[in-house]
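My numbering numbers the first residue of the sequence shown as 4 and each following residue consecutively.
C-beta atoms are modelled at their ideal positions from N, C-alpha and C, and glycine is treated no differently.
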Amino acid sequence: MKASEVLKRYAAGERDFRRTNLRGQSFKGQDLSGADFNEADIRGTNFTNATLKGVNFTGANAGLQRRWALGQWVLLLVLSDLAGVLQGYFGYFIAVFFPRWWDASYDWRYFATDVATTVAYLITIMAAFVAIARQGFTMRAFGSVAVAVAGASFLLGIYCSRRALSGDEKFALIRTFGIFFGAIGGTSFCGANLTGANFTKATLKSTNFNPSKQAPTILTHVCWQEAKKLGYARVGSSILSNPAVRELLVTRNGYKNPMSMPTCGGQT
């Protein structure tokens with residue numbers, strides 16, 4: 004359903020828009036208070052600066068449209084290929100420079116330069132392994148320096164990703180960048196007034212709740228019970244940025260605990 008049709012029906016008094024397909028539509032700056040978008044498809048929908056008081060998003064599917072998700076995968080593959088090219092270059096470096104020192108045709112005028120470059124490269128490799136080891140990961144013996152470079156890059160990437168997704172503060176920057184990148188083209192609630200909105204069982208991966216340039220995002224008395232993938236949404240500096248509070252709001256485990264109530268403030 005087009006945004007213009009929704010706005011026309013809303014102006015006529017209709018509030019029931021359950022299970023409608025609103026992918027990629029824009030309701031920027033519109034007032035849809037009290038509307039029912041139960042199980043609606045709002046992937047890529049723009050609600051920036053909209054007034055959405057008491058709106059029902061129960062079971063709604065927010066986040067990225069398929070074409071945006073595909074575009075991100077293509078970009079990631081390009082970046083991966085660039086990384087592969089760099090690894091290939093370093094592998095070539097090892098294959099070419101190391102044998103030359105034992106080759107009768109080797110020009111010893113370049114010995115000092117080759118040694119300095121090789122030592123710098125080996126220090127880089129060792130630094131990568133030390134960084135992993137200091138974070139609690141150990142590597143076993145490896146067959147060649149070239150394989151070590153590829154293996155270190157691969158394992159370090161997986162390790163950092165897992166630690167970032169687990170909420171480790173040491174990897175907060177990686178997590179922040181990943182969520183920022185993942186939310187590009189996703190559902191936007193930037194600057195929206197979501198007072199009393201209901202996101203029960205809604206899928207919120209790649210959704211943006213950051214403030215807009217014009218207004219803050221109001222999350223007063225929002226229901227997040229059983230919301231899915233809220234940890235992968237952009238939530239700015241709101242209380243949702245606290246994993247413990249986010250877990251409390253989604254699972255309701257410990258909601259009667261007096262110690263947890265002040266933490267939630269007026270944005271629960």
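With a CB to CB cut of under 7 Å and the five nearest residues on each side skipped, what residues in its chain are close to residue 229?
-> Your numbering for residue 229 matches position 226 in the sequence shown. The residues are 203, 204 and 253.
Measure the Cβ-Cβ separation of residue 215 and residue 194 and say whether it is below 7 Å.
-> Taking the first residue of the sequence shown as position 1, residue 215 is located at position 212. Taking the first residue of the sequence shown as position 1, residue 194 is located at position 191. Their beta carbons are under 7 Å apart, which means residue 215 touches residue 194 by this criterion.
Tell me whether the beta-carbon of residue 223 lies closer than 7 Å to the beta-carbon of residue 212.
-> Within the sequence shown, the letter at position 220 stands for residue 223. Within the sequence shown, the letter at position 209 stands for residue 212. Taking 7 Å as the Cβ cut-off, residue 223 and residue 212 do not qualify as a contacting pair.
Three-state class that DSSP yields for residue 242 in the structure shown | In the sequence shown, counting from the first residue as 1, residue 242 sits at position 239. Looking at residue 242 - three-state DSSP - the assignment turns out to be helix.
Start-to-end residues for the alpha helix (DSSP H) that takes in residue 8 = Working through the sequence shown from its first residue, we reach residue 8 at position 5. Segment 6-14, the alpha helix (DSSP H) holding residue 8.
Looking at C-alpha atoms only, which residue of 226, 11 and 58 is the closest neighbour of residue 41?
-> By 1-based counting over the sequence shown, the position of residue 41 is 38. Looking at the Cα atoms, 58 is the closest of the given residues.
Look at the alpha carbon of residue 188 and the alpha carbon of residue 64, and state the distance between them as a whole number of angstroms.
-> As a first step, residue 188 must be located in the sequence shown, where it is residue number 185. As a first step, residue 64 must be located in the sequence shown, where it is residue number 61. Residue 188 and residue 64: Cα-Cα distance of roughly 14 Å.
Compare the beta carbon distance of residue 233 and residue 207 with 7 Å and say whether it is the shorter of the two.
-> Within the sequence shown, the letter at position 230 stands for residue 233. Within the sequence shown, the letter at position 204 stands for residue 207. Residue 207 sits close to residue 233, with the two beta carbons spaced by under 7 Å.
How would you call residue 146, buried or exposed, if buried means at least 16 neighbouring beta carbons within 10 angstroms?
-> Locating residue 146 in the sequence shown gives position 143, where the first residue counts as 1. With a pLDDT of only 38 at residue 146, under the threshold of 50, the placement of this residue in the model should not be trusted, and no figure is reported.
How about residue 191 and residue 51: are their beta carbons less than 7 Å apart?
-> Numbered from its first residue, the sequence shown carries residue 191 at position 188. Numbered from its first residue, the sequence shown carries residue 51 at position 48. Cβ atoms of residue 191 and residue 51: closer than 7 Å.
Using the beta-carbon count (16 or more within 10 Å), is residue 201 buried or exposed?
-> For this step, residue 201 is matched to residue 198 along the sequence shown. Residue burial annotation: residue 201 is buried, with at least 16 other C-beta atoms found within 10 angstroms of its C-beta.
Could you tell me which of 36, 24, 29 and 21 sits nearest to residue 14, measuring between CA atoms?
-> In the sequence shown, counting from the first residue as 1, residue 14 sits at position 11. Closest option to residue 14, Cα to Cα, is 36.
Run through DSSP, which three-state label would residue 21 get?
-> Stepping through the sequence shown from its first residue, residue 21 is reached at position 18. Annotated three-state conformation of residue 21 is coil, per DSSP.
Helix, strand or coil at residue 223 [DSSP, three-state] | Here the question's residue 223 lines up with position 220 in the sequence shown. When DSSP states are grouped into helix, strand and coil, residue 223 belongs to the coil group.
Please confirm whether residue 44 and residue 26 have their CB atoms less than 7 Å apart.
-> Here residue 44 corresponds to residue number 41 of the sequence shown, with the count starting at 1. Here residue 26 corresponds to residue number 23 of the sequence shown, with the count starting at 1. Going by C-beta atoms, residue 44 is nearer than 7 Å to residue 26.
Strand pairing of residue 29, partner residues [DSSP] | Within the sequence shown, numbered from 1, the residue matching residue 29 stands at position 26. For residue 29, which the question treats as bridged, DSSP gives the partners 49.
Can a CB atom of chain D be found closer than 7 Å to the CB of residue 211?
-> Annotation note: the requested chain D is absent from the structure, which comprises a single protein chain.
What do you get for residue 272, buried or exposed, if any count of 16 or more other CB atoms within 10 angstroms of its CB means buried?
-> No answer is possible for residue 272: the residues shown for the chain start at 4 and end at 271.
Could you give the distance in angstroms between the alpha-carbon of residue 235 and the alpha-carbon of residue 196?
-> Numbered from its first residue, the sequence shown carries residue 235 at position 232. Numbered from its first residue, the sequence shown carries residue 196 at position 193. Between residue 235 and residue 196, the C-alpha separation is close to 21 Å.
Helix or strand or just coil, what does DSSP make of residue 210?
-> Taking the sequence shown and counting its residues from 1, the one referred to as residue 210 is at position 207. It is coil, neither helix nor strand.
Are residue 46 and residue 66 touching if we call contact CB-CB under 7 Å?
-> One-based indexing of the sequence shown puts residue 46 at position 43. One-based indexing of the sequence shown puts residue 66 at position 63. Their beta carbons are under 7 Å apart, which means residue 46 touches residue 66 by this criterion.
Residue 61 - partner residues in DSSP beta bridges = As a working note, residue 61 is residue 58 in the sequence shown. DSSP, once it has assigned bridges, lists no residue as partnering residue 61.
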